[in-house]
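**Student:**
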Amino acid sequence: MSTKERYINLFTDYGFKKIFGEEPNKNLLLDFLNELLREEQGEIKELTYLKTEQLGDTDIDRKAIFDLYCENEQGEKFIVELQKSKQNFFKDRALYYSTFPIREQAERGDWNFKLKAVYTVAILDFVFDEDKNTPEKYRYDVKLTDTDTNRVFYDKLTFIYLEMPKFTKKLEELTTRFDKWLYVIRNLNRLERIPDTLREQVFEQLFDTAEIARFTPDQVRSYEKSLKYYRDMKNSLDTAFDDGKEEGRAEGKEEGRTEEKRQ
Numbered sequence: 114m115s116t117k118e119r120y121i122n123l124f125t126d127y128g129f130k131k132i133f134g135e136e137p138n139k140n141l142l143l144d145f146l147n148e149l150l151r152e153e154q155g156e157i158k159e160l161t162y163l164k165t166e167q168l169g170d171t172d173i174d175r176k177a178i179f180d181l182y183c184e185n186e187q188g189e190k191f192i193v194e195l196q197k198s199k200q201n202f203f204k205d206r207a208l209y210y211s212t213f214p215i216r217e218q219a220e221r222g223d224w225n226f227k228l229k230a231v232y233t234v235a236i237l238d239f240v241f242d243e244d245k246n247t248p249e250k251y252r253y254d255v256k257l258t259d260t261d262t263n264r265v266f267y268d269k270l271t272f273i274y275l276e277m278p279k280f281t282k283k284l285e286e287l288t289t290r291f292d293k294w295l296y297v298i299r300n301l302n303r304l305e306r307i308p309d310t311l312r313e314q315v316f317e318q319l320f321d322t323a324e325i326a327r328f329t330p331d332q333v334r335s336y337e338k339s340l341k342y343y344r345d346m347k348n349s350l351d352t353a354f355d356d357g358k359e360e361g362r363a364e365g366k367e368e369g370r371t372e373e374k375r376q
């Protein structure tokens, strides 16, 4: 298989980790997280990549494997996940994953239970069913909150969901650096060159890193394998969706015929 696109697809595992998960490109992840979290976090000055495989407390405990896991200069933890398709209990999984950075902060001996903040950022290539009635809202910030007053009860555990199919802004509609990041994540593999709107150092570095012609043969093979998996998965989901619609139409027709017979 050979890819015709000039730039990698960021919804592939290889593409996502190439841009955001490699030490030479750490400033790309830093810039993205700063644009995502600046209002709450201030400026993140430094990131350190951490081991993505998290083991349970015992040999029989279930482990967790994050896409990206890092901490800032204050010791606050960031899990960054790419989710390509709907998954049963995805929110449950995100909550479960967040317990690992919490538990690893436990200190032996006397400890006052003071914790550093934990952020889970999920970039989703789908829309939750319960969110389909709000097509203009693509970002969700979730914290433990009092349901009566809507005041935040605990501000050190944050989940941010980005439903990328809802982000439909065109180049001329991009008004913030964060807009530009979402546009690049969603559209990179569809572009033939870097648009003038994105002529900034961080995006120029991203486009250079993402250009497939710069890859070694081994990197091309790894990317094509990742791209094939992504496309096969998408095709199977699209087929299942179409089959479901056909089944729904057939059931509707059958119900209609049954109703006619009753009349």
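Here our numbering is used: the first residue of the sequence shown is 114, the next is one more, and so on.
In this text, a Cβ means the ideal position worked out from N, Cα and C, and glycines have one as well.
Nothing here was measured: the structure is a model prediction, and the numbers come from that model.
1. Is it the case that the segment 218-225 contacts the segment 151-159, given that we only count it when at least three CB pairs across the two stretches are under 8 Å?
2. Cutting at 6 Å between CB atoms, please list the residues of its own chain near residue 320, excluding the five before and the five after it.
3. Where residue 157 and residue 247 are concerned, what is the direct C-alpha to C-alpha distance, given to the nearest angstrom?
4. Could you tell me whether any non-hydrogen atom of the ligand MG is closer than 7 Å to the CB of residue 282?
5. Cβ of residue 237 within 8 Å of Cβ of residue 196?
6. Straight-line CA distance for residue 250 to residue 279?
7. Given 8 Å as the limit, is there contact between the segment 121-128 and the segment 294-301, that is, 3 or more CB pairs closer than that?
8. With a Cβ-Cβ cutoff of 8 Å, do residue 283 and residue 231 count as a contact?
9. Please confirm whether residue 270 and residue 257 have their CB atoms less than 8 Å apart.
10. Taking Cβ to Cβ, would you say residue 322 is nearer than 8 Å to residue 132?
11. Near residue 259, what residues of its chain come up, given a Cβ to Cβ distance below 6 Å and the 5 sequence neighbours on each side ignored?
12. Tell me residue 235's beta-bridge partners as DSSP assigns them.
13. Where do the N-terminal and C-terminal ends of the beta strand (DSSP E) with residue 110 fall, by residue?
14. Which whole-angstrom value is the C-beta distance of residue 179 and residue 165, which I expect to be below 8 Å?
15. Is it buried or exposed, residue 200, if we count other Cβ atoms within 10 angstroms and call 16 or more buried?
16. How many angstroms separate the CA atom of residue 142 from the CA atom of residue 233?
17. Do the CB positions of residue 194 and residue 161 come within less than 8 Å of each other?
18. Go ahead and label residue 349 buried or exposed: buried means 16 or more other beta carbons lie within 10 angstroms of its beta carbon, across all protein chains shown.
19. Under three-state DSSP, which class holds residue 172?
20. Tell me whether residue 209 is buried or exposed, calling it buried when 16 or more other Cβ atoms sit within 10 Å of its Cβ.
21. On the three-state DSSP scale, how would you describe residue 181?
22. Please report the straight-line C-alpha distance between residue 315 and residue 139, rounded to a whole angstrom.
23. Measuring CB to CB, does residue 342 end up less than 8 Å from residue 325?
24. Which of the three DSSP states, helix, strand or coil, is assigned to residue 269?
25. Name the one or two DSSP bridge partners that residue 167 has.
26. Under a three-way DSSP split, which group does residue 142 fall into?
**Tutor:** Concretely, from the data shown:
1. no
2. In the sequence shown, residue 320 corresponds to position 207, counting from 1. Hits under 6 Å: 307.
3. Walking along the sequence shown from the start, residue 157 turns up at place 44. Walking along the sequence shown from the start, residue 247 turns up at place 134. Answer to the nearest angstrom: the Cα atoms are 31 Å apart.
4. With respect to the ligand MG, the structure offers nothing, as it holds no ligand at all.
5. Position 124 of the sequence shown, counting from 1, holds the residue named residue 237. Position 83 of the sequence shown, counting from 1, holds the residue named residue 196. The answer is yes: Cβ separation under 8 Å.
6. For the purposes of this step, residue 250 is identified with residue 137 of the sequence shown, where counting begins at 1. For the purposes of this step, residue 279 is identified with residue 166 of the sequence shown, where counting begins at 1. Annotation: residue 250 to residue 279 spans about 7 Å, alpha carbon to alpha carbon.
7. yes
8. Counting from one through the sequence shown, the residue named residue 283 turns up at place 170. Counting from one through the sequence shown, the residue named residue 231 turns up at place 118. Result no, Cβ atoms of residue 283 and residue 231 do not sit closer than 8 Å.
9. Here residue 270 refers to the residue found at position 157 of the sequence shown. Here residue 257 refers to the residue found at position 144 of the sequence shown. Closer than 8 Å, so yes.
10. Residue 322 sits at position 209 when you count from the first residue of the sequence shown. Residue 132 sits at position 19 when you count from the first residue of the sequence shown. If you check the CB distance, residue 322 and residue 132 come in under 8 Å.
11. By one-based count along the sequence shown, residue 259 stands at place 146. Excluding residues up to 5 positions away in sequence, 266 lie with their Cβ nearer than 6 Å to the Cβ of residue 259 in the same chain.
12. Position 122 of the sequence shown, counting from 1, holds the residue named residue 235. 194 and 274, per the DSSP bridge assignment.
13. For residue 110 there is no data in the structure shown, the boundaries of the chain being 114 and 376.
14. Residue 179 sits at position 66 when you count from the first residue of the sequence shown. Residue 165 sits at position 52 when you count from the first residue of the sequence shown. Yes, they are in contact, since the Cβ atoms of residue 179 and residue 165 sit about 5 Å apart, within 8 Å.
15. Within the sequence shown, residue 200 is the residue found at index 87, counting from 1. Residue environment analysis places residue 200 among the exposed positions, since fewer than 16 neighbouring C-beta atoms fall within 10 angstroms of its C-beta.
16. Reading the sequence shown from its first residue, position 29 is the one you call residue 142. Reading the sequence shown from its first residue, position 120 is the one you call residue 233. Within the model, the alpha-carbon separation for residue 142 versus residue 233 is close to 14 Å.
17. Here the question's residue 194 lines up with position 81 in the sequence shown. Here the question's residue 161 lines up with position 48 in the sequence shown. Between residue 194 and residue 161, the C-beta gap is not smaller than 8 Å, which leaves the two residues out of contact.
18. Reading the sequence shown from its first residue, position 236 is the one you call residue 349. Counting Cβ neighbours within 10 Å, residue 349 comes out exposed, since fewer than 16 surround it.
19. Counting from one through the sequence shown, the residue named residue 172 turns up at place 59. A caution first: residue 172 carries a pLDDT of 47, below 50, which makes its placement in the model too unreliable to give a value.
20. Numbered from 1 along the sequence shown, position 96 holds the residue referred to as residue 209. Exposed.
21. Within the sequence shown, numbered from 1, the residue matching residue 181 stands at position 68. Three-state result, residue 181: strand.
22. Residue mapping note: residue 315 aligns to position 202 of the sequence shown, counting from 1. Residue mapping note: residue 139 aligns to position 26 of the sequence shown, counting from 1. Their backbone Cα atoms lie some 11 Å apart in a straight line.
23. Along the sequence shown, read from residue 1 onward, the residue named residue 342 stands at position 229. Along the sequence shown, read from residue 1 onward, the residue named residue 325 stands at position 212. Contact flag unset, no.
24. What you label residue 269 is simply residue 156 of the sequence shown in a count that begins at 1. It is a strand residue.
25. Translated into positions along the sequence shown, residue 167 becomes position 54. Beta-bridge pairing by DSSP links residue 167 to 177.
26. The sequence position of residue 142 within the sequence shown is 29, counting from 1. In the structure shown, residue 142 sits in a helix (DSSP, three-state: H, G or I).
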